[in-house]
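Visitor: Once you've had a glance at the structure underneath, I'll fire off some questions.
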Amino acid sequence: MAKDPVRVLVTGAAGQIGYALVPMIARGVMLGPDQPVILHMLDIPPAAEALDGVKMELVDAAFPLLKGVVATTDVAEACKGVNVAVMVGGFPRKEGMERKDVMTKNVSIYKSQASALEQHAAPNCKVLVVANPANTNALILKEFAPSIPAKNITCLTRLDHNRALGQISERLSIQVSDVKNVIIWGNHSSTQYPDVNHASVKTPGGEKPVRELVSDDAWLNGEFITTVQQRGAAIIKARKLSSALSAASAACDHIRDWVLGTPEGTWVSMGVYSDASYNVPAGLIYSFPVTCKNGEWSIVQGLPIDEFSRKKMDATAVELSEEKDLAYSCLS
Amino acid sequence: MAKDPMRVLVTGAAGQIGYALVPMIARGAMLGPDQPVIIHMLDIEPAAEALKGVTMELIDAAFPLLKGIVATTNAVEACKGVNVAIMVGGFPRKEEMERKDMMSKNVSIYKAQASALEQHAAPNCKVLVVANPANTNALILKEFAPSIQEKNISCLTRLDHNRALGQISERLKVHVGDVKNVIIWGNHSSTQYPDVNHATVNTGKEWKPVRELVSDGQWLNTEFITTVQQRGAAIIKARKLSSALSAASAACDHMHDWILGTPKGTWVSMGVCSDGSYGIQPGLIYSFPVTCEKGEWSMVQGLQIDEFSKAKMDATAKELIEEKALAYSCLN
Chain A
19 MAKDPVRVLV TGAAGQIGYA LVPMIARGVM LGPDQPVILH MLDIPPAAEA LDGVKMELVD
79 AAFPLLKGVV ATTDVAEACK GVNVAVMVGG FPRKEGMERK DVMTKNVSIY KSQASALEQH
139 AAPNCKVLVV ANPANTNALI LKEFAPSIPA KNITCLTRLD HNRALGQISE RLSIQVSDVK
199 NVIIWGNHSS TQYPDVNHAS VKTPGGEKPV RELVSDDAWL NGEFITTVQQ RGAAIIKARK
259 LSSALSAASA ACDHIRDWVL GTPEGTWVSM GVYSDASYNV PAGLIYSFPV TCKNGEWSIV
319 QGLPIDEFSR KKMDATAVEL SEEKDLAYSC LS
Chain B
59 MAKDPMRVLV TGAAGQIGYA LVPMIARGAM LGPDQPVIIH MLDIEPAAEA LKGVTMELID
119 AAFPLLKGIV ATTNAVEACK GVNVAIMVGG FPRKEEMERK DMMSKNVSIY KAQASALEQH
179 AAPNCKVLVV ANPANTNALI LKEFAPSIQE KNISCLTRLD HNRALGQISE RLKVHVGDVK
239 NVIIWGNHSS TQYPDVNHAT VNTGKEWKPV RELVSDGQWL NTEFITTVQQ RGAAIIKARK
299 LSSALSAASA ACDHMHDWIL GTPKGTWVSM GVCSDGSYGI QPGLIYSFPV TCEKGEWSMV
359 QGLQIDEFSK AKMDATAKEL IEEKALAYSC LN
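Residue numbers (this note's numbering), protein chains in the order written: chain A, 19 to 350; chain B, 59 to 390.
Here is the structure:
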């Protein structure tokens with residue numbers, strides 16, 4: 019007996035990340051190979067024709083799992099009945115733009131989208147904010163959609179998490195699927211803290227700590243961290259465009275693990291509403307290690323935090339508090 | 059026990075179609091969810107930096123099935139040991155370019171790549187040519203790689219096939235998964251013939267002929283045909299870029315069905331070497347209805363062809379014969 023379709027919204031769907039993401043969703047990468055989907059795609063009026071082109075291509079691909087496509091520039095129509103919302107749309111930072119200007123524009127966007135989601139999405143809609151500044155956009159969305167449970171509003175740090183796994187696998191010349199339990203703490207920005215203190219590698223002799231196998235703390239505490247933090251910029255330098263393929267893939271991983279559960283013994287990183295765990299200020303959207311089960315995430319508790327990590331975790335929290343203040347000043 | 063990885067080559071990998079295609083391959087859309095892959099990516103020197111960016115993103119996506127990446131501008135290295143070759147690279151037609159110039163450039167490319175594949179690919183490598191003029195590029199490749207069995211060289215008309223399914227499903231307001239057995243005859247160009255004379259629709263109780271359910275013979279013989287033929291141009295008009303998402307998806311479908319088999323009672327369209335079936339001149343790469351089993355395609359034989367269809371099938375064959383002559387004149 020086929021399952022009822024799940025409605026998935028992608029905002030900014032006519033853009034690069036959207037174009038990479040929608041075929042992944044339509045192929046079952048996000049919700050599983052037996053879960054039919056109806057895609058809702060939203061973009062702004064200047065992108066209406068391009069959005070129509072994406073819709074045409076989705077029809078042309080004859081995806082068996084894709085049971086419908088709603089392509090619109092109307093936010094209410096886009097949000098109607100959606101069970102999952104992936105917010106890719108936002109105002110990109112252009113050269114010459116002040117940080118405050120980017121923040122102002124994005125704060126308005128996320129305030130109005132909060133409203134639409136709250137009014138029109140299905141109950142228990144799960145929200146993933148991708149557009150930067152991801153954590154703060156998610157925070158604004160949460161503040162202006164009070165009837166959406168805070169636990170249902172997240173931001174994407176799975177890309178950074180996957181990048182960290184990739185860097186370790188490259189360093190050790192092993193399969194990336196044999197590395198697990200890195201953590202991305204904090205902001206999806208250059209202050210994020212990629213932490214391998216609890217990460218492990220599957221070896222023929224059992225699970226071993228990454229620190230032991232890499233045996234180069236200077237690299238793990240230095241270059242490894244900056245490589246992951248600045249990977250976005252490295253991609254832009256090579257491609258002349260920002261990451262789309264890997265961002266879309268990470269968005270699918272984030273939602274899939276959230277909805278379908280994380281494997282036993284494995285955690286992932288998600289930007290979630292802080293409850294003051296690990297002495298991170300409450301009320302920020304901060305990336306933590308989480309496990310997922312029955313459609314809910316829970317922060318992995320009780321991990322020992324050394325001094326080096328403490329400083330980094332605090333620094334990224336400070337940046338998030340500053341972003342929050344800046345965002346609120348834009349609203350006043 | 060995990061399977062040995064298969065090596066899949068994508069040429070033109072730094073371009074738009076490549077960027078859509080590689081994550082699909084890495085997620086198992088082409089060879090199945092339990093088939094590990096090593097992706098070989100080839101592009102030209104000017105695209106080397108962009109190709110590096112794609113490599114970085116593939117690592118950053120931490121795909122469990124992706125067991126290795128070879129990214130190179132060297133055709134020999136790219137072709138080494140590949141089991142599947144998707145030829146997306148080619149010289150795009152620019153404004154003001156004469157057809158002969160475009161043909162000339164592509165003929166040289168496909169002659170050189172034929173050589174590299176023949177010498178370095180794994181035995182029984184399956185080849186799919188996507189770059190236009192797809193049929194003629196595939197023909198050139200076949201002519202200059204005589205030790206590759208001609209049954210292993212194909213071109214992509216699955217995109218047109220899927221587009222035809224999509225148009226019927228939209229017309230009948232049924233799900234595209236409930237339409238099957240359209241046929242694309244001939245050239246992947248505006249002379250292709252989308253034929254619904256043997257196509258059927260699942261009404262829930264039984265499969266009924268499309269012609270019966272669409273009862274508008276006029277539409278099926280005119281607008282439906284031209285819509286499918288010209289869909290590529292419609293996408294370009296809307297997106298300002300040519301189809302990538304749907305082309306990549308069709309390439310996965312083509313190779314997936316070729317290797318893993320078509321469902322019982324269903325055929326697909328593939329550009330394959332003509333053996334004189336249906337009165338088509340032997341030795342052309344012409345799109346036919348095929349079923350696939352145990353890694354081999356076979357033409358569906360014995361389908362009734364009415365006069366209207368015969369005229370269209372001959373017209374597209376004529377164009378292919380002219381393209382072949384033009385291609386050979388470029389080589390002299």
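Virtual Cβ for every residue (Gly too), placed ideally from N, Cα, C.
Within 7 Å: the Cβ of residue 107 of chain A and any heavy atom of the ligand GDP?
Guide: Questions concerning the ligand GDP fall outside what the structure shown contains, since it holds no ligand whatsoever.
Visitor: Hey, residue 69 of chain A and residue 40 of chain A: beta-carbon distance below 8 Å or not?
Guide: No, the Cβ-Cβ distance between residue 69 of chain A and residue 40 of chain A is not below 8 Å.
Visitor: Using only the alpha-carbon positions, how far apart do residue 391 of chain B and residue 143 of chain B sit?
Guide: Because residue 391 of chain B is not part of the residues shown, which for chain B are 59 to 390, the question remains open.
Visitor: Quick one: which chain B residues come within Cβ less than 7 Å of residue 74 of chain A?
Guide: Simply 292, 293, 296.
Visitor: Is there contact between the stretch 78 to 88 of chain B and the stretch 231 to 251 of chain A, where contact requires at least three CB pairs shorter than 8 Å?
Guide: Touching, no, given that fewer than three Cβ pairs across the two stretches are closer than 8 Å.
Visitor: Output the distance between the C-alpha atoms of residue 309 of chain B and residue 348 of chain A, rounded to the nearest integer angstrom.
Guide: Taking the straight line joining both Cα atoms gives about 48 Å.
Visitor: Is the beta carbon of residue 183 of chain A less than 8 Å from the beta carbon of residue 100 of chain A?
Guide: No, the pair does not count as a contact, with Cβ atoms beyond the cut-off.
Visitor: Output the distance between the C-alpha atoms of residue 112 of chain B and residue 279 of chain B, rounded to the nearest integer angstrom.
Guide: Each residue's Cα considered, the two are about 43 Å apart.
Visitor: Please identify the residue among A:34, A:49, A:245, A:257 whose C-alpha is closest to the C-alpha of residue 65 of chain A.
Guide: Selected option, being the one with the closest Cα: A:34.
Visitor: Consult DSSP for residue 256 of chain B and reduce its assignment to one of helix, strand or coil.
Guide: In the structure shown, residue 256 of chain B sits in coil (DSSP, three-state: anything other than H, G, I, E or B).
Visitor: Using a Cβ cut-off of 9 Å, pull out every chain A residue sitting near residue 103 of chain B, in sequence order please.
Guide: None at all; the shortest Cβ gap to chain A is about 15 Å.
Visitor: List the endpoints of the continuous alpha helix (DSSP H) containing residue 69 of chain A.
Guide: Residues 66 to 78.
Visitor: Whole-angstrom Cβ separation of residue 253 of chain A and residue 115 of chain B, contact assumed at under 8 Å?
Guide: That pair is a contact at about 6 Å.
Visitor: For residue 157 of chain B, name the three-state secondary structure that DSSP assigns.
Guide: Helix.
Visitor: Alpha carbon to alpha carbon, how far is residue 54 of chain A from residue 22 of chain A? Give it in angstroms, no decimals.
Guide: Spanning the two alpha carbons is a distance of roughly 7 Å.
Visitor: For the pair the stretch 205 to 225 of chain B and the stretch 77 to 91 of chain A, tell me if three or more CB-CB distances fall below 8 Å.
Guide: Touching, yes, given that three or more Cβ pairs across the two stretches are closer than 8 Å.
Visitor: Which full runs of the beta strand (DSSP E) of 3+ residues lie inside the stretch 114 to 165 of chain A, going along the chain?
Guide: If we require 3 residues or more, the beta strand (DSSP E) runs fully inside the stretch 114 to 165 of chain A come out as 144 to 147.
Visitor: With DSSP as the reference, please indicate the residues paired to residue 354 of chain B in a beta bridge.
Guide: According to DSSP, residue 354 of chain B bridges with B:351.
Visitor: Starting from residue 329 of chain A, trace the alpha helix (DSSP H) both ways and give me its first and last residue.
Guide: Note, residue 329 of chain A: alpha helix (DSSP H), 325 to 349.
Visitor: If you draw a straight line from the C-alpha of residue 219 of chain A to the C-alpha of residue 284 of chain A, how long is it?
Guide: About 12 Å.
Visitor: Between which two residues does the alpha helix (DSSP H) harbouring residue 228 of chain A extend?
Guide: That run of the alpha helix (DSSP H) goes 228 to 232.
Visitor: Can you give me, in chain order, the residues of the stretch 238 to 269 of chain A that have a beta carbon less than 9 Å from any beta carbon in chain B?
Guide: So the list reads 249, 252, 253, 254, 255, 256, 257, 258, 259, 261, 262, 263, 264, 265, 266, 267, 268, given in the order they occur along the chain.
Visitor: For the stretch 257 to 300 of chain A, list the alpha helix (DSSP H) runs that are entirely contained and at least 4 residues long, ordered along the chain.
Guide: Counting whole runs of 4 or more residues, the stretch 257 to 300 of chain A contains the alpha helix (DSSP H) stretches 263 to 278.
Visitor: Give a yes or no on whether the minimum CB-CB distance between residue 107 of chain B and chain A is below 8 Å.
Guide: Taking Cβ atoms only, chain A reaches closer than 8 Å to residue 107 of chain B, which makes this a yes.
Visitor: Over what stretch of residues does the beta strand (DSSP E) that includes residue 323 of chain B continue unbroken?
Guide: It is not in any beta strand (DSSP E) - residue 323 of chain B carries neither H nor E in the DSSP assignment.
Visitor: How is residue 370 of chain B classed by DSSP in three states: helix, strand or coil?
Guide: Helix.
Visitor: Name, please, each residue of chain B whose Cβ falls closer than 8 Å to the Cβ of residue 188 of chain A.
Guide: 117, listed in chain order.
Visitor: When you compare the CB of residue 228 of chain B with every CB in chain A, is at least one pair closer than 8 Å?
Guide: Chain A, which has a Cβ nearer than 8 Å to the Cβ of residue 228 of chain B, makes this yes.
Visitor: Whole beta strand (DSSP E) runs in the stretch 222 to 270 of chain B with 3 or more residues, listed along the chain?
Guide: Entirely contained in the stretch 222 to 270 of chain B, the beta strand (DSSP E) runs reaching 3 residues are, in chain order, 241 to 243, 251 to 253, 258 to 260, 265 to 267.
Visitor: Can you check DSSP and say which residues form a bridge with residue 95 of chain B?
Guide: BP columns for residue 95 of chain B point to B:64, B:124.
Visitor: Counting only Cβ-Cβ distances shorter than 7 Å, please list the residues of the stretch 79 to 110 of chain A near chain B, keeping chain order.
Guide: Cβ contacts with chain B come from 79, 80, 82, 85.
Visitor: In its own chain, which residues sit with a C-beta less than 6 Å from the C-beta of residue 154 of chain A, not counting the 5 before and 5 after it?
Guide: Same-chain partners within the cutoff: 341, 345.
Visitor: With DSSP as the reference, label residue 116 of chain B as helix, strand or coil.
Guide: Looking at residue 116 of chain B - three-state DSSP - the assignment turns out to be helix.
Visitor: Quick check on residue 132 of chain B: buried or exposed, where buried means 16 or more other Cβ atoms within 10 Å of its Cβ?
Guide: Exposed: under 16 other Cβ atoms inside 10 Å.
Visitor: Span of the alpha helix (DSSP H) holding residue 212 of chain A?
Guide: It is not in any alpha helix (DSSP H) - residue 212 of chain A instead sits in the beta strand (DSSP E) that spans 211 to 213.
Visitor: How long is the line joining the alpha carbons of residue 255 of chain B and residue 269 of chain B, rounded to whole angstroms?
Guide: Distance between the alpha carbons of residue 255 of chain B and residue 269 of chain B: 7 Å.
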